[in-house]
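J.: Submitted below is the structure of interest, expressed as structure tokens.
2 protein chains.
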Amino acid sequence: MSGFDLTLLEHDNLGGTIYQKLCEALMKGAFKPNDRLKIRDLADRLGTSVTPVRDAILRLVQDQALVLRSPRDIRVPMLTRATYLEIRDIRVNLEGLAAARAAEQATPAQIEALESLLKRNEEAMAAGNTALATELNQIFHFKVSEFADMPVLGDILRRLWLQMGPLIADVYGGAGRTMIDHHYPLMDAIRGHDGPAAASAIQADILLASGPILERIDGVHPEALAV
Amino acid sequence: MSGFDLTLLEHDNLGGTIYQKLCEALMKGAFKPNDRLKIRDLADRLGTSVTPVRDAILRLVQDQALVLRSPRDIRVPMLTRATYLEIRDIRVNLEGLAAARAAEQATPAQIEALESLLKRNEEAMAAGNTALATELNQIFHFKVSEFADMPVLGDILRRLWLQMGPLIADVYGGAGRTMIDHHYPLMDAIRGHDGPAAASAIQADILLASGPILERIDGVHPEALAV
DNA sequence: ATTCGATGCATGATGCATCATAATGCCGCA
DNA sequence: TGCGGCATTATGATGCATCATGCATCGAAT
Chain B
4 MSGFDLTLLE HDNLGGTIYQ KLCEALMKGA FKPNDRLKIR DLADRLGTSV
54 TPVRDAILRL VQDQALVLRS PRDIRVPMLT RATYLEIRDI RVNLEGLAAA
104 RAAEQATPAQ IEALESLLKR NEEAMAAGNT ALATELNQIF HFKVSEFADM
154 PVLGDILRRL WLQMGPLIAD VYGGAGRTMI DHHYPLMDAI RGHDGPAAAS
204 AIQADILLAS GPILERIDGV HPEALAV
Chain R
4 MSGFDLTLLE HDNLGGTIYQ KLCEALMKGA FKPNDRLKIR DLADRLGTSV
54 TPVRDAILRL VQDQALVLRS PRDIRVPMLT RATYLEIRDI RVNLEGLAAA
104 RAAEQATPAQ IEALESLLKR NEEAMAAGNT ALATELNQIF HFKVSEFADM
154 PVLGDILRRL WLQMGPLIAD VYGGAGRTMI DHHYPLMDAI RGHDGPAAAS
204 AIQADILLAS GPILERIDGV HPEALAV
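Put into structure tokens, the structure is as follows:
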């Protein structure tokens, strides 16, 4: 009943479209950390001129989803352990806040939507489709902040996820199960409209999920530096 | 002893320079909410072509420091009460986290730097220079997150302040005293390396400072809508 | 006859493409 | 391993076509 979804209005200009395409690519892990992106190359592949690609890249750099290592060298950033930990701590705070607020004001329809996501996630996991499971997990987290009615917070989260995208795709893309079990306590809290419990639950989820990623960072970082 | 200030490394390309110029202008309140910006106009005034201005505007839009009301209508956003409250809540969480960490690991030199800022702020206030006082207050908040060693958080904060910039400049630019008194409990907590106390102090500061701004939003918003 | 509303046109600003240039990455060599 | 040259690549400028905004004129109703 909240009117139309205004966020879909962005598809007017080419630059915005390319930006979204690149966002999805980063989230999906189509680019790996330390990969180099070339504007002309992308323009050729997309069949456009360099201008809109330039626009999209610039926006991604502003999001820190890409970095300009030098004025002519655009790369996917390699998160250091310290940076990843910082992002994790920020998420613990922000998503905790969002989960609490979402729990307090969640409608039955919203609760059902979250449950549906969990169910689809389970199915994807059972089918061994880890890529889909990871994506559904991500959507779940975004939905929570959406239901908290905090668009600014949601945007910050989107950016943080964009920065982590290549890394977590690298970690969970290969093997391992997604951490869906931790979401059920959160659902219980939301159903009970218990804000603090919801915050604790999602915070525990984030911290637990960071384990495999931290292991991976330690293992992958020196090797990547050698390349 | 923490090396150079890496944020100044951006001055390589024209677009980055213009971006920073526009950021300062927004912070200083050179643009008012609902002002319209024209790319060609700015390009003429800066003596460059439209390309770097375009880049800068695009980055500002990505920061949500500007909005594209229509594809050819770039404006300074008018914060709604809800959006301002959301930003305030996010700041309460994030700056609380940063203040706690800064308190725990602050060096004597850093403590002295903060005290110096407070002193200069007092002087500016005594001289009736509210613009400078507001700017110093802002620098104080940024320094806290810098000393917390959280660059990602600092960047998020910078963006939030960029969004609020025109509004608070509008409120505090005219008259009224800056809320410097609330910073002294924070300094006490930092000197004592008491993280939780520092968090509480800065949170109280943010909440108290939001009072005049909220009053102003209520007063200014219907009037602006009528225009 | 006057005022309100609608349609059409002109102005103006932006998005995208193309071009020139200067700086850099990469590769090979000492 | 360190350095130099070449090809490459981003940056900045310019031009054109498109589209929205605003104004003026025209028509109709009271």
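Keeping their order, the protein sequence lines are chains B and R. Take the first sequence: its position 45, counted from the start at 1, is 48 in my numbering, and no numbers get skipped. Take the second sequence: its position 220, counted from the start at 1, is 223 in my numbering, and no numbers get skipped. Each residue gets a CB set at the ideal place from its N, CA and C atoms; glycine is no exception.
#1: Once you ignore the five residues that flank leucine 135 of chain B on each side, which residues in its own chain have a CB closer than 6 Å to its CB?
#2: Mind checking if glutamine 206 of chain R is an interface residue toward chain B, Cβ cutoff 7 Å exclusive?
#3: Please report whether the beta-carbon of proline 74 of chain R lies at a distance below 7 Å from any beta-carbon of chain B.
#4: Which same chain residues end up closer than 7 Å to proline 188 of chain R when comparing Cβ atoms and leaving out the 5 residues on each side of it in sequence?
#5: I'd like the list of long-range same chain contacts for alanine 103 of chain B, defined as Cβ closer than 7 Å, with 5 residues on each side in sequence excluded.
#6: Less than 7 Å between the C-beta atoms of phenylalanine 143 of chain R and valine 79 of chain R, yes or no?
#7: Pull up the CB-CB distance for leucine 100 of chain R and asparagine 96 of chain B, whole angstroms please, since I reckon it's below 8 Å.
#8: Once DSSP output is grouped into helix, strand and coil, what is the label at aspartate 66 of chain R?
#9: With a cut-off of 7 Å, does the C-beta of glutamate 125 of chain R fall near any C-beta of chain B?
#10: Is it buried or exposed, aspartate 76 of chain B, if we count other Cβ atoms within 10 angstroms and call 16 or more buried?
#11: With 7 Å set as the bound, which would you pick, yes or no: does the beta-carbon of arginine 78 of chain R sit closer than that to a beta-carbon of chain B?
#12: Sorted by chain position, which residues of the same chain lie with C-beta nearer than 6 Å to alanine 172 of chain R's C-beta, five sequence neighbours on each side aside?
#13: Between leucine 69 of chain B and leucine 88 of chain B, which are expected to be in contact by the criterion C-beta below 8 Å, what is the C-beta distance as a whole number of angstroms?
#14: Under a Cβ-count criterion, where at least 16 other Cβ atoms within 10 Å of its own Cβ denotes burial, should leucine 211 of chain R be classed as buried or exposed?
#15: Starting from isoleucine 77 of chain R, follow its DSSP beta bridges and name the residues at the other end.
#16: Please confirm whether glycine 18 of chain R and aspartate 47 of chain R have their CB atoms less than 7 Å apart.
#17: If you follow the alpha helix (DSSP H) that leucine 29 of chain R is part of, which residue opens it and which one closes it?
#18: Could you run through the segment 24-53 of chain B and flag, in chain order, every residue whose CB is less than 8 Å away from some CB of chain R?
#19: How would you label arginine 62 of chain R, buried or exposed, when you count the other beta carbons within 10 angstroms and need 16 or more for buried?
#20: Given a cut-off of 7 Å, decide if isoleucine 209 of chain B and alanine 109 of chain B are closer than it, judged by their beta-carbon atoms.
#21: Under 7 Å Cβ-Cβ, which residues of chain B neighbour isoleucine 90 of chain R?
#22: Where do the ends of the alpha helix (DSSP H) carrying lysine 146 of chain R lie?
#23: Any idea what DSSP makes of methionine 153 of chain R, helix, strand or coil?
#24: Do the CB positions of alanine 105 of chain B and valine 147 of chain B come within less than 7 Å of each other?
#25: Just the C-alpha distance for threonine 133 of chain B and leucine 121 of chain B, rounded to the nearest angstrom, thanks.
#26: Could you tell me the alpha carbon to alpha carbon distance between glycine 157 of chain R and methionine 153 of chain B, rounded to whole angstroms?
#27: Count the other C-beta atoms from every protein chain shown that fall within 10 angstroms of the C-beta of arginine 84 of chain B, then say buried if there are 16 or more, exposed otherwise.
#28: Which chain B residues sit within Cβ distance under 8 Å of leucine 2 of chain R?
#29: Can you tell which of R/Ala151, R/Arg91, R/Glu125 and R/Asn16 has its C-alpha closest to the C-alpha of glutamate 107 of chain R?
#30: By the three-class DSSP mapping on this structure, what secondary structure does lysine 35 of chain R have?
#31: Determine the direct distance from the alpha carbon of glutamate 98 of chain R to that of aspartate 15 of chain R, and round the result to whole angstroms.
#32: Out of B/Leu139, B/Leu117 and B/Gly131, state which residue places its alpha-carbon closest to the alpha-carbon of asparagine 124 of chain B.
#33: Nearest-angstrom Cα distance between cysteine 26 of chain R and threonine 137 of chain B?
#34: With histidine 186 of chain R as the anchor, note down where its alpha helix (DSSP H) starts and where it stops.
T.: In brief:
#1: The sequence position of residue 135 of chain B within the first sequence is 132, counting from 1. If we look at leucine 135 of chain B and ignore the five residues flanking it on each side, its Cβ neighbours are Ala127.
#2: Numbered from its first residue, the second sequence carries residue 206 of chain R at position 203. Not closer than 7 Å to any Cβ of chain B, the Cβ of glutamine 206 of chain R fails to qualify, so no.
#3: The residue given as residue 74 of chain R occupies position 71 in the second sequence. Chain B contact via Cβ: present.
#4: For the purposes of this step, residue 188 of chain R is taken as residue 185 along the second sequence, with counting starting at 1. Here the set comprises Ala204.
#5: Counting from one through the first sequence, the residue named residue 103 of chain B turns up at place 100. For alanine 103 of chain B, where only same-chain residues beyond five positions count, the Cβ hits under 7 Å are Gly198, Pro199, Ala201 and Ala202.
#6: On the second sequence, residue 143 of chain R is found 140 positions in, with the first residue counted as 1. On the second sequence, residue 79 of chain R is found 76 positions in, with the first residue counted as 1. For phenylalanine 143 of chain R and valine 79 of chain R, no; Cβs fall outside 7 Å.
#7: Here residue 100 of chain R corresponds to residue number 97 of the second sequence, with the count starting at 1. Here residue 96 of chain B corresponds to residue number 93 of the first sequence, with the count starting at 1. Between leucine 100 of chain R and asparagine 96 of chain B, the beta carbon gap of about 6 Å places them in contact (Cβ cut-off 8 Å).
#8: Position 63 of the second sequence, counting from 1, holds the residue named residue 66 of chain R. When secondary structure is reduced to three states using DSSP, aspartate 66 of chain R falls in the coil class, being assigned neither helix nor strand.
#9: Taking the second sequence and counting its residues from 1, one reaches residue 125 of chain R at position 122. It does not: the Cβ of glutamate 125 of chain R has no partner Cβ on chain B nearer than 7 Å.
#10: Numbered from 1 along the first sequence, position 73 holds the residue referred to as residue 76 of chain B. Exposed, because fewer than 16 other Cβ atoms sit within 10 Å of the Cβ of aspartate 76 of chain B.
#11: Translated into positions along the second sequence, residue 78 of chain R becomes position 75. No, arginine 78 of chain R does not count as interfacial toward chain B.
#12: Counting from one through the second sequence, the residue named residue 172 of chain R turns up at place 169. Same-chain partners within the cutoff: Gly32.
#13: Here residue 69 of chain B refers to the residue found at position 66 when the first sequence is read from its first residue. Here residue 88 of chain B refers to the residue found at position 85 when the first sequence is read from its first residue. With 8 Å as the limit, leucine 69 of chain B and leucine 88 of chain B do not qualify as a contact, their Cβ atoms being about 21 Å apart.
#14: As a position in the second sequence, residue 211 of chain R is number 208, starting the count at 1. Looking at its Cβ environment, which holds fewer than 16 other Cβ atoms inside 10 Å, leucine 211 of chain R is exposed.
#15: Locating residue 77 of chain R in the second sequence gives position 74, where the first residue counts as 1. Answer is R/Leu40 and R/Leu71, bridged to isoleucine 77 of chain R.
#16: Looking up residue 18 of chain R in the second sequence gives position 15. Looking up residue 47 of chain R in the second sequence gives position 44. No. Outside cutoff.
#17: Residue numbering aside, residue 29 of chain R sits at position 26 when the second sequence is read from its first letter. Where leucine 29 of chain R is concerned, the enclosing alpha helix (DSSP H) stretches over 17-31.
#18: Per Cβ criterion, the list is empty.
#19: Position 59 of the second sequence, counted from the first residue, corresponds to residue 62 of chain R. By the neighbour-count criterion, in which a residue is buried when 16 or more other Cβ atoms sit within 10 angstroms of its Cβ, arginine 62 of chain R is buried.
#20: Within the first sequence, the letter at position 106 stands for residue 109 of chain B. Within the first sequence, the letter at position 206 stands for residue 209 of chain B. No, they are not a contact pair.
#21: Along the second sequence, one-based indexing puts residue 90 of chain R at 87. Scanning chain B for C-beta atoms nearer than 7 Å to the C-beta of isoleucine 90 of chain R yields Val155, reported in chain order.
#22: On the second sequence, position 143 is the one that residue 146 of chain R refers to. Where lysine 146 of chain R is concerned, the enclosing alpha helix (DSSP H) stretches over 133-150.
#23: Here the question's residue 153 of chain R lines up with position 150 in the second sequence. In this structure, methionine 153 of chain R counts as coil in the three-state DSSP scheme.
#24: One-based indexing of the first sequence puts residue 105 of chain B at position 102. One-based indexing of the first sequence puts residue 147 of chain B at position 144. Yes; because the gap between Cβ atoms is below 7 Å, this pair is in contact.
#25: Indexing the first sequence from 1 puts residue 133 of chain B at position 130. Indexing the first sequence from 1 puts residue 121 of chain B at position 118. Whole-angstrom Cα-Cα distance: 14 Å.
#26: As a working note, residue 157 of chain R is residue 154 in the second sequence. As a working note, residue 153 of chain B is residue 150 in the first sequence. Distance between the alpha carbons of glycine 157 of chain R and methionine 153 of chain B is about 20 Å.
#27: As a first step, residue 84 of chain B must be located in the first sequence, where it is residue number 81. Counting of Cβ neighbours within 10 angstroms places arginine 84 of chain B among the exposed residues, the total staying below 16.
#28: Residue coverage of chain R in this structure runs from 4 to 230, which leaves residue 2 of chain R outside it and unanswerable.
#29: For the purposes of this step, residue 107 of chain R is taken as residue 104 along the second sequence, with counting starting at 1. Nearest option by C-alpha distance: R/Ala151.
#30: Position 32 of the second sequence holds residue 35 of chain R. Here lysine 35 of chain R carries a coil assignment [DSSP, helix/strand/coil].
#31: For the purposes of this step, residue 15 of chain R is identified with residue 12 of the second sequence, where counting begins at 1. For the purposes of this step, residue 98 of chain R is identified with residue 95 of the second sequence, where counting begins at 1. Going by the C-alpha atoms only, they are around 31 Å apart.
#32: For this step, residue 124 of chain B is matched to residue 121 along the first sequence. Per the Cα distances, B/Leu139.
#33: The sequence position of residue 26 of chain R within the second sequence is 23, counting from 1. The sequence position of residue 137 of chain B within the first sequence is 134, counting from 1. When rounded, the separation of the alpha-carbon atoms in cysteine 26 of chain R and threonine 137 of chain B is 37 Å.
#34: Residue 186 of chain R sits at position 183 when you count from the first residue of the second sequence. Membership of histidine 186 of chain R in the alpha helix (DSSP H) is indicated by the continuous run 186-194.
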